[in-house]
Amino acid sequence: MSSESTTTPALAEVRNVSKWFGPVMALNGVNLEIGSGITGLVGPNGAGKTTLLRLLTGQIKASLGGIDVCGRDAWSARAKDHIGLCPFGDATWDELSGRKLMRVTAGMRGFTGAEARRRAESVLETVGMAKRADRPVRTYSKGMRQRIKLGQALVHDPDLLVLDEPLNGVDPVGCEELNDLFRTLAAQGKAVLVSSHILHEMDQLADRILFICRGKLLASGSLAEIRDMLDDHPLKVRISCGSPRCIAPQLLMLESVKSVSIEPPSDLLLEVQNPSRFYAEFGEFAAGNDAQVQRLKATDTSTEAVFDYLMERAARPE
229 MSSESTTTPA LAEVRNVSKW FGPVMALNGV NLEIGSGITG LVGPNGAGKT
279 TLLRLLTGQI KASLGGIDVC GRDAWSARAK DHIGLCPFGD ATWDELSGRK
329 LMRVTAGMRG FTGAEARRRA ESVLETVGMA KRADRPVRTY SKGMRQRIKL
379 GQALVHDPDL LVLDEPLNGV DPVGCEELND LFRTLAAQGK AVLVSSHILH
429 EMDQLADRIL FICRGKLLAS GSLAEIRDML DDHPLKVRIS CGSPRCIAPQ
479 LLMLESVKSV SIEPPSDLLL EVQNPSRFYA EFGEFAAGND AQVQRLKATD
529 TSTEAVFDYL MERAARPE
C-alpha cells in the first residue's frame, strides 16, 4: 500500500531494495521516494528502520536493488556530499570543545581555514549551542549532545538530512525548538527524514509517514491518505448533536455506518467502514434532517492509531 503525495522531485529514491544479513532478510523489496519536506519513518523494533537509514546514508550496500541520492548512487562518495546524518548513538570526541568539534567536522567535509570556522560558528548558532561551544563535549547533557550531533550533520549544508531519534533526551522546550528548525530546513527545500518511536511526535511534525514492519513498506503518504485507504478498519467518529437518541437509528441506516453508540449527554460514537463514503452520506443526511450537529470529529487518525491498524493488518496470516 502506498500513496505518493510528494509533488517535488525526489531527492532520494529506493528501488526494489532488499538486504540480507546472512540468512536474515532485513528489508524485502522496498520502493519509496523522499522529496523535500519532513518524512517520518515509523515501525516497531526490528522492523528494518536502521537498515534503511544505513542504506540511504551509504554505510552498507543493498543485496538487491538500487538507491540514489540527488541522482547519485548512495554508496558513492559524491552522494555523501548531499547527506547529513544525525545517528542515534554519539559520534563525537568527548575531549574536544563543541566549537573545536564543529571545526574538525567541517574540516573532514573538506572545508579549511576561515570557511571551516565560518561554517562551525553558523551551525553552532543554528542548533542553539553557540553560548556553550567552549565547554568540553564530555560535560554536555544528553539534549546538548543531540544538538551537537545535529550540528555535525548540518555543517556542510546537505540536501538530505537523516535523523535517527533526534529528540531523544531533549527537554520539551528543546524539542519544540528543534522541530521548528526541522520545519525551517524543510521550507528551504531540504528532505528531512526523521526516524522516531515516539509516534505522537509525527502527528504535527511530518508531512509524510513511511510505515515499515518486518522489512516491508506497509504504507506511505500523509496520515489522512493512509487512513482513508484502511477501508477494512472502521473509523471511529464522534458527533455532538442536539438530539442523539433521535438520529442514532437514522444514522444506522447509512450504508457506511457499522455501529452507533450513545455517549450522554449529547454525543454519538460511530464506527464507519468507508470514511469517504460516510462523509458524503452524512453531508446529505445532515442537509435533509434537523440533526443540530455541533461537532464531527474522527477520533483515531493519529500516527499511533494508524500504526496500530497497520501492525494488526501485518500480523494477519496471508
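Counting in our numbering, the sequence shown tops out at residue 546, every number present. Idealized CB from N, CA, C, for every residue including glycine.
Can you list, in chain order, the residues of its chain whose CB lies under 8 Å from that of residue i, leaving out five sequence neighbours each side?
i           : result
residue 288 : 247, 279, 282
Could you check where the beta strand (DSSP E) with residue i kicks off and where it finishes?
i           : result
residue 318 : Run containing residue 318: none; DSSP gives neither H nor E here.
residue 439 : 436-441
residue 380 : No beta strand (DSSP E) contains residue 380, which is instead part of the alpha helix (DSSP H) from 370-382.
Is the Cβ-Cβ distance between residue i and residue j less than 7 Å?
i           : j           : result
residue 484 : residue 501 : yes
residue 389 : residue 420 : yes
residue 352 : residue 344 : no
residue 469 : residue 398 : no
residue 276 : residue 437 : no
residue 380 : residue 340 : no
residue 258 : residue 391 : no
residue 266 : residue 435 : yes
residue 296 : residue 241 : yes
For residue i, which of helix, strand or coil comes out of DSSP?
i           : result
residue 232 : With a pLDDT of 44 at residue 232, under the threshold of 50, the predicted position of this residue should be treated as unreliable, though the coordinate-derived value follows. Here residue 232 sits in coil by DSSP.
residue 481 : coil
residue 357 : coil
residue 219 : Coverage of the chain is limited to positions 229 through 546, which leaves residue 219 absent and any answer about it impossible.
residue 269 : strand
residue 513 : helix
residue 432 : helix
residue 471 : coil
residue 293 : strand
residue 393 : coil
residue 418 : coil
residue 503 : helix
Could you tell me the distance, in whole angstroms, from the CA atom of residue i to the CA atom of residue j?
i           : j           : result
residue 497 : residue 474 : 14 Å
residue 348 : residue 440 : 36 Å
residue 414 : residue 311 : 14 Å
residue 327 : residue 252 : 42 Å
residue 450 : residue 342 : 43 Å
residue 232 : residue 306 : At residue 232, the pLDDT of 44 sits below 50, so the modelled position is not reliable; the number obtained from the coordinates is stated separately. Approximately 27 Å, taken between the alpha carbons.
residue 256 : residue 424 : 21 Å
residue 514 : residue 358 : 57 Å
residue 245 : residue 264 : 21 Å
residue 508 : residue 479 : 13 Å
residue 201 : residue 272 : This structure does not reach residue 201, given that the chain is present from 229 up to 546, and the question cannot be answered.
residue 433 : residue 400 : 14 Å
residue 365 : residue 338 : 23 Å
residue 384 : residue 476 : 60 Å
residue 510 : residue 481 : 11 Å
residue 317 : residue 250 : 24 Å
Suppose the cutoff is 6 Å on Cβ atoms and the five residues either side in sequence are ignored; what does the same chain contact list for residue i look like?
i           : result
residue 487 : 499
residue 465 : 498, 500, 526
Grab me the residues of residue i's own chain with a C-beta within less than 7 Å of its C-beta, minus the 5 sequence neighbours each way, in chain order.
i           : result
residue 535 : 270, 427, 439
residue 235 : Because the pLDDT of residue 235 is 47, which lies under 50, any placement of that residue in the model is unreliable, and the number read from its coordinates should be weighed accordingly. Closer than 7 Å at the Cβ level, and outside the excluded window around residue 235, lies no residue.
Tell me whether residue i counts as near the ligand COA, meaning its Cβ is closer than 6 Å to at least one heavy atom of that ligand.
i           : result
residue 475 : In terms of ligand content, the structure shown is empty, and the ligand COA therefore cannot be addressed.
Along the chain, where does the alpha helix (DSSP H) that runs through residue i open and close?
i           : result
residue 404 : 400-415
residue 260 : Careful: residue 260 lies outside any alpha helix (DSSP H), inside the beta strand (DSSP E) at 252-262.
residue 523 : Looking at the DSSP string, residue 523 is not in any alpha helix (DSSP H); the run it does join, the beta strand (DSSP E), is 521-526.
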